[in-house]
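Here the structure comes first, spelled out in structure tokens, and everything after it is commentary.
Protein chains: 2
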Amino acid sequence: MNVAIVVYERFTALDAVGPYEVLSRLPGASVTFVAAQRGPVRTDNGMLTLVAERSLAELAGPDIVVVPGGPGDVVAHAGPAVLDWLRAADETSAWTTSVCTGSLILAAAGLLRGRRATTHWLSLERLRALGAEPVAERVVFDGKLVSAAGVSAGIDMALTLAARVAGETVAQAIQLGIEYDPQPPFDAGSPRKAPAEVVELLRSRRRSAEQAGETADTRG
Amino acid sequence: MNVAIVVYERFTALDAVGPYEVLSRLPGASVTFVAAQRGPVRTDNGMLTLVAERSLAELAGPDIVVVPGGPGDVVAHAGPAVLDWLRAADETSAWTTSVCTGSLILAAAGLLRGRRATTHWLSLERLRALGAEPVAERVVFDGKLVSAAGVSAGIDMALTLAARVAGETVAQAIQLGIEYDPQPPFDAGSPRKAPAEVVELLRSRRRSAEQAGETADTRG
Numbered sequence: 001m002n003v004a005i006v007v008y009e010r011f012t013a014l015d016a017v018g019p020y021e022v023l024s025r026l027p028g029a030s031v032t033f034v035a036a037q038r039g040p041v042r043t044d045n046g047m048l049t050l051v052a053e054r055s056l057a058e059l060a061g062p063d064i065v066v067v068p069g070g071p072g073d074v075v076a077h078a079g080p081a082v083l084d085w086l087r088a089a090d091e092t093s094a095w096t097t098s099v100c101t102g103s104l105i106l107a108a109a110g111l112l113r114g115r116r117a118t119t120h121w122l123s124l125e126r127l128r129a130l131g132a133e134p135v136a137e138r139v140v141f142d143g144k145l146v147s148a149a150g151v152s153a154g155i156d157m158a159l160t161l162a163a164r165v166a167g168e169t170v171a172q173a174i175q176l177g178i179e180y181d182p183q184p185p186f187d188a189g190s191p192r193k194a195p196a197e198v199v200e201l202l203r204s205r206r207r208s209a210e211q212a213g214e215t216a217d218t219r220g
Numbered sequence: 221m222n223v224a225i226v227v228y229e230r231f232t233a234l235d236a237v238g239p240y241e242v243l244s245r246l247p248g249a250s251v252t253f254v255a256a257q258r259g260p261v262r263t264d265n266g267m268l269t270l271v272a273e274r275s276l277a278e279l280a281g282p283d284i285v286v287v288p289g290g291p292g293d294v295v296a297h298a299g300p301a302v303l304d305w306l307r308a309a310d311e312t313s314a315w316t317t318s319v320c321t322g323s324l325i326l327a328a329a330g331l332l333r334g335r336r337a338t339t340h341w342l343s344l345e346r347l348r349a350l351g352a353e354p355v356a357e358r359v360v361f362d363g364k365l366v367s368a369a370g371v372s373a374g375i376d377m378a379l380t381l382a383a384r385v386a387g388e389t390v391a392q393a394i395q396l397g398i399e400y401d402p403q404p405p406f407d408a409g410s411p412r413k414a415p416a417e418v419v420e421l422l423r424s425r426r427r428s429a430e431q432a433g434e435t436a437d438t439r440g
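As given, the protein sequences belong to chains A and B, one line each in that order.
Residue 123 in my numbering sits at position 123 of the first sequence, and the numbers go up by one each step.
Residue 341 in my numbering sits at position 121 of the second sequence, and the numbers go up by one each step.
Written as structure tokens, this is what we have:
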């Protein structure tokens, strides 16, 4: 089971590392971080660098593709080489997946046309503009296309996928191995649950970033 | 607010990246990955490389220290230079924290003597052997020493810490920003909840790894 996680400048780290931590524990799994060029790739805030072990040209035919998101114009950050590679990889993959605004990249590659998909709650309309049918759910399966909501949702997506790929017992063993028994201190992880002023705070930050033409918005 | 995340060969990626993703969003936060030597550091399975931007010698006086865990003998993997640095950093830190078996490293540095702390559920007795009072809770505060249970618990720890450092509204905005509204597909993330055969599977893997003198156990 070969898993390719596609990274690019300004991706959000947890979008990628959540699924990596789960999928790398599948029996026989091999996970490769891949980018347009081999070498160091910086995350959205510039505070963390991961290494892409392979260039896109060096990695063909993965069984599972994972596309993390990031802030701002992720389609431009990913670049046309990633879109071309995703179209080719999707022709033979068993599963093509995204986390957060990674689904905007899949959509820009033409892979989500008319399909149900999700993304970060602040970006659902951007997903619609790219031809997908946005769904405000945490994990969305449409055939072999699988998308997760914002950032941390990649863990839930990967566990769900692990069960499809290797069965429930394996997925539960992975969950217990990473002790994923979440106990967030607040029930504020969704716009339907967070205090209204917190939702508005993030919406206003997003508006300010868009008005300023900046990409340093709410990240991810 | 300077946050130092201490990495070493064979650390578990999500232990570090969960808290990073939360704490990097604190207003004015600067997060630095630090290791005995600057440069690339491989995670436990050899499939991911992160870059330590600073050596321990180059980074003094962080406000928050985060120590991730890993499989096997994490104290040996971390090495004596990390233990020395942690003792010094703890003298001036506002918070000294660990995720998963990272608490074994804090304990080996002498920082958890007689203190309440937690770790991965499979390692609670190892924590006791190092002089701490193990507690099977997800996030444990004992003064400024804060520990999280296995791997994914670092996200809950960091959100709890974010609220202490910057207030509940900031912590909730971070939670909503990373859309942390967990919906695991199974309720199998704790040995008290997982099916007995899944718990026994992980225990037997751990025993086999220990008998073989291997460190490639359940990771984390």
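Think of the CB as a built atom: it goes at the ideal place given N, C-alpha and C, for glycine as much as any other residue.
All figures in this text were calculated on a predicted structure; none of them were measured in a lab.
Report task. Would you list the residues sitting across from B:L365 in a DSSP beta bridge? Result -> Locating residue 365 of chain B in the second sequence gives position 145, where the first residue counts as 1. Answer is B:T316 and B:D362.
**Report entry** 9 angstroms Cβ cutoff, B:H340 in contact with chain A
**Finding:** In the second sequence, the residue the question calls residue 340 of chain B occupies position 120. Yes - at least one Cβ of chain A is within 9 angstroms of the one on B:H340.
Report task. State the start and end residues of the unbroken alpha helix (DSSP H) segment that holds B:T380. Result -> The residue given as residue 380 of chain B occupies position 160 in the second sequence. First-last of the alpha helix (DSSP H) with B:T380: A373 to A386.
Query - Short-range partners of chain B found in the segment 179 to 206 of chain A, where Cβ spacing is below 9 angstroms - result: E179, Y180, D181, P182, Q183, P184, P185, F186, D187, A188, G189, S190, P191, R192, K193, A194, P195, E197, V198, V199, L201, L202 and R205
Query raised in the report: Between the segment 147 to 177 of chain A and chain B, which residues of the former have CB atoms less than 8 angstroms from a CB of the latter, in chain order?
Result: A149, G150, V151, S152, A153, I155, D156, L159, T160, A163, E168, T169, A171, Q172, A173, Q175, L176 and G177
**Report entry** Closest Cα partner of A:V151 within the set B:A249, B:L422, B:D304 and B:I394
**Finding:** To locate residue 151 of chain A, count along the first sequence from 1; it is residue 151. Out of B:A249, B:L422, B:D304 and B:I394, B:I394 has the C-alpha closest to the C-alpha of A:V151.
Query - Local conformation of B:L332 per DSSP, three classes - result: Taking the second sequence and counting its residues from 1, the one referred to as residue 332 of chain B is at position 112. Correct three-state label for B:L332: coil.
Requested in this report: With B:P239 as the anchor, note down where its alpha helix (DSSP H) starts and where it stops.
Outcome: Taking the first residue of the second sequence as 1, we reach residue 239 of chain B at position 19. Per DSSP, B:P239 belongs to the alpha helix (DSSP H) from A233 to L243.
Query - Where B:I398 falls: helix, strand or coil (DSSP) - result: Your numbering for residue 398 of chain B matches position 178 in the second sequence. If DSSP states are grouped into helix, strand and coil, B:I398 belongs with coil.
Requested in this report: Have a look at B:V319 and A:E197 and give me their C-alpha separation to the nearest angstrom.
Outcome: Counting from one through the second sequence, the residue named residue 319 of chain B turns up at place 99. Counting from one through the first sequence, the residue named residue 197 of chain A turns up at place 197. Looking at the two C-alpha atoms, the distance is approximately 31 angstroms.
Query - For B:A272, the nearest candidate out of A:L23, A:E125, A:L127 and A:M47 (CA to CA) - result: Along the second sequence, one-based indexing puts residue 272 of chain B at 52. For the residues A:L23, A:E125, A:L127 and A:M47, the minimum Cα distance to B:A272 belongs to A:M47.
Query - Rounded distance between the beta-carbons of B:E399 and A:A132, thought under 8 angstroms - result: Locating residue 132 of chain A in the first sequence gives position 132, where the first residue counts as 1. Locating residue 399 of chain B in the second sequence gives position 179, where the first residue counts as 1. Not really, about 18 angstroms apart at Cβ, beyond 8 angstroms.
Query raised in the report: Is there contact here, the segment 63 to 81 of chain A with the segment 6 to 13 of chain A, by at least three beta-carbon pairs under 8 angstroms?
Result: yes
Report task. Starting from the C-beta of B:K413, find all residues in its chain whose C-beta is less than 8 angstroms away, skip the five residues before and the five after it, and write them out in chain order. Result -> The count along the second sequence starts at 1 and reaches residue 413 of chain B at position 193. The residues are D407.
Requested in this report: List the residues of chain B whose Cβ lies closer than 7 angstroms to the Cβ of A:F141, in chain order.
Outcome: Numbered from its first residue, the first sequence carries residue 141 of chain A at position 141. Neighbours of A:F141 on chain B: none; closest Cβ ~12 angstroms, over 7 angstroms.
Query - Three-way DSSP call (helix, strand, coil) for B:S428 in this model - result: Taking the first residue of the second sequence as 1, we reach residue 428 of chain B at position 208. Note: B:S428 maps to helix in three-state DSSP.
Query raised in the report: Helix, strand or coil: how does DSSP classify B:P442 here?
Result: Chain B is shown from 221 up to 440; residue 442 of chain B falls before or after that span and cannot be answered.
Requested in this report: Starting from the Cα of A:V146, find the closest Cα among A:L112, A:L127, A:E125 and A:T49 and give me that residue.
Outcome: In the first sequence, counting from the first residue as 1, residue 146 of chain A sits at position 146. The option with the nearest alpha carbon to A:V146 is A:L112.
Query - Beta-carbon proximity list for B:T248, same chain, < 7 angstroms, skipping 5 on both sides - result: Taking the second sequence and counting its residues from 1, one reaches residue 248 of chain B at position 28. It is worth fixing the name first, because residue 248 of chain B is Gly in this sequence and not Thr. Correct list, in chain order: M221.
Query - For A:L23 and B:S275, the rounded distance between their alpha carbons - result: Here the question's residue 275 of chain B lines up with position 55 in the second sequence. Here the question's residue 23 of chain A lines up with position 23 in the first sequence. So the alpha carbons of these two residues sit roughly 31 angstroms apart.
**Report entry** Residue interval of the beta strand (DSSP E) (run including A:L50)
**Finding:** If you number the first sequence from 1, residue 50 of chain A lands on position 50. T49 to A52 is the extent of the beta strand (DSSP E) around A:L50.
Requested in this report: On a CA-only basis, which of B:L270, B:V419, B:R245 and B:G374 is nearest A:T169? Give me that one, please.
Outcome: On the first sequence, residue 169 of chain A is found 169 positions in, with the first residue counted as 1. The residue with the shortest Cα to Cα distance from A:T169 is B:V419.
Query raised in the report: Since A:V34 sits in a beta bridge, which residues does DSSP pair it with?
Result: Counting from 1 along the first sequence, the entry for residue 34 of chain A is found at position 34. Answer is A:V6 and A:R54.
Report task. Between the Cα of B:A378 and those of B:R426, B:V251 and B:L344, spot the shortest distance and give me the residue it belongs to. Result -> By one-based count along the second sequence, residue 378 of chain B stands at place 158. Nearest C-alpha to B:A378: B:V251.
Query raised in the report: Applying a beta-carbon distance threshold of less than 7 angstroms, which residues of chain B neighbour A:A13?
Result: Taking the first residue of the first sequence as 1, we reach residue 13 of chain A at position 13. Here the neighbours are V237, Y240 and E241.
**Report entry** Coarse secondary structure for A:R126, derived from DSSP in three states
**Finding:** Your numbering for residue 126 of chain A matches position 126 in the first sequence. In the structure shown, A:R126 sits in a helix (DSSP, three-state: H, G or I).
Query - 8 angstroms Cβ shell around B:G440 - same chain, five flanking residues per side excluded - result: The residue labelled residue 440 of chain B in the question sits at position 220 within the second sequence. Residue placement at B:G440 cannot be trusted, given a pLDDT of 49 that sits under 50; the coordinates are not used to answer.
Query raised in the report: Given a threshold of 16 other Cβ atoms within 10 Å of its Cβ, counted over all protein chains shown, does B:G470 qualify as buried or as exposed?
Result: The question about residue 470 of chain B has no answer, for chain B in this structure spans 221 to 440.
Query raised in the report: Which residues does DSSP pair with B:G259 in a beta bridge?
Result: As a working note, residue 259 of chain B is residue 39 in the second sequence. Bridge partners of B:G259: B:A272.
Query raised in the report: Would B:Q431 be called buried (16 or more neighbouring beta carbons within 10 Å of its own) or exposed?
Result: Working through the second sequence from its first residue, we reach residue 431 of chain B at position 211. Classification of B:Q431: exposed, given that the 10 Å Cβ count is below 16.
**Report entry** 6 angstroms Cβ shell around B:G374 - same chain, five flanking residues per side excluded
**Finding:** The residue labelled residue 374 of chain B in the question sits at position 154 within the second sequence. Cβ neighbours of B:G374 beyond the five flanking positions: D235, G238, P239, V319 and A368.
Report task. Consider the Cβ of B:T317: report whether some Cβ of chain A lies at a distance smaller than 9 angstroms. Result -> Working through the second sequence from its first residue, we reach residue 317 of chain B at position 97. No - not a single Cβ of chain A is within 9 angstroms of the one on B:T317.
Report task. Starting from B:V355, follow the alpha helix (DSSP H) in both directions and report where the run begins and ends. Result -> Stepping through the second sequence from its first residue, residue 355 of chain B is reached at position 135. Here B:V355 belongs to no alpha helix (DSSP H), and DSSP marks it neither H nor E.
Query raised in the report: For the putative contact between A:P182 and B:P402, defined by C-beta atoms under 8 angstroms, what is the C-beta separation to the nearest angstrom?
Result: For the purposes of this step, residue 182 of chain A is taken as residue 182 along the first sequence, with counting starting at 1. For the purposes of this step, residue 402 of chain B is taken as residue 182 along the second sequence, with counting starting at 1. Indeed, because the Cβ distance is near 4 angstroms, the residues count as touching under 8 angstroms.
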